[in-house]
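Student: The structure under discussion is supplied below as structure tokens; questions concerning it will follow.
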Amino acid sequence: MADDKMLSIAVVSAERALWSGEARSVVAKTPEGDIGILANHEPVLALLVDSSALKIEQADGSTLMVAVHGGFFSVAGNEVNVIAETAELSENIDVERAKAALARLQAQSPEEADQAALKRAETRIQLAGIAKTVTTR
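Note that the sequence shown ends on residue 138 in our numbering; no numbers are left out.
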């Protein structure tokens with residue numbers, strides 16, 4: 002990478018490579034709390050919180066939100082690798098499908114409902130709403 006003030010980020014899930022590119026920063030949620038990564042950060046290896054948001058400030062100043070479900074991320078040099086069990090760009094989330102899944106799960110009794118699936122549906126809906134309001138600089 003030519004610019005030592007940028008990060009090279011790759012986001013992959015079990016199914017596919019989701020996104021890669023240069024970015025100014027990335028913020029992820031870990032069991033210990035949110036962590037923000039800028040260029041020249043110390044090496045890190047951390048778990049991602051299930052059903053959380055990954056926020057990437059791209060090189061052009063625009064914000065990319067990713068719904069991540071499980072996995073981990075690593076930082077070495079100015080390279081950040083995010084490996085999630087499942088991941089979805091907020092702009093690609095089918096809001097109606099996510100709302101239908103949430104309604105189905107909420108209709109179940111607490112004993113029957115898959116709490117992890119419920120949290121995933123809530124996260125997807127939240128990030129889809131954010132995607133519509135995020136503007137580029």
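The beta-carbon is built from N, C-alpha and C at its ideal position, and this holds for glycine as well.
#1: State the Cα-Cα distance for the pair G37 and V28, rounded to the nearest angstrom.
#2: Where does Q116 fall in DSSP's three states?
#3: Measure the Cβ-Cβ separation of A85 and V96 and say whether it is below 7 Å.
#4: Let me confirm a value: R125 is counted as buried when at least 16 other C-beta atoms fall within 10 Å, else exposed. Which label applies?
#5: For E23 and L8, I'd like the C-alpha separation in whole angstroms.
#6: Select from D35, V45 and A118 the residue whose C-alpha is nearest the C-alpha of A54.
#7: Taking Cβ to Cβ, would you say A114 is nearer than 7 Å to L106?
#8: Report back the beta-carbon spacing between A40 and N79 to the nearest angstrom; my notes put them in contact at under 8 Å.
#9: V67 and A101: beta carbons closer than 7 Å?
#10: What does the alpha-carbon distance come out to for the pair F74 and L119?
#11: For L65, which of helix, strand or coil comes out of DSSP?
#12: Going straight from the alpha carbon of R121 to that of L128, what length do you get?
#13: Would you mind sorting G71 into buried or exposed? The rule is 16 or more other CB atoms within 10 Å of its CB.
#14: Measure the beta-carbon distance from H42 to V13 and round it to whole angstroms, keeping in mind my assumption that it falls under 8 Å.
#15: Return the CA-CA distance between L49 and A60, expressed in angstroms with no decimal places.
Tutor: Working from what's here:
#1: Cα-Cα distance, rounded: 4 Å.
#2: Three-state DSSP puts Q116 in a helix.
#3: In this structure, V96 does not lie closer than 7 Å to A85 by Cβ.
#4: Counting the other CB atoms within 10 Å of its CB gives R125 a total of 16 or more, which places it among the buried residues.
#5: In a straight line, the C-alpha of E23 is about 5 Å away from that of L8.
#6: Closest option to A54, Cα to Cα, is D35.
#7: Contact check for A114 against L106 passes: the beta carbons are separated by less than 7 Å.
#8: Going by Cβ atoms, the distance from A40 to N79 rounds to 5 Å, so yes, they are a contact pair.
#9: Contact flag unset, no.
#10: Each residue's Cα considered, the two are about 24 Å apart.
#11: Reduced to three states, the DSSP call for L65 is strand.
#12: Between R121 and L128, the C-alpha separation is close to 11 Å.
#13: That one is buried.
#14: Rounded to the nearest angstrom, the Cβ distance from H42 to V13 is 20 Å, too far for a contact under 8 Å.
#15: Computed Cα separation, rounded: 23 Å.
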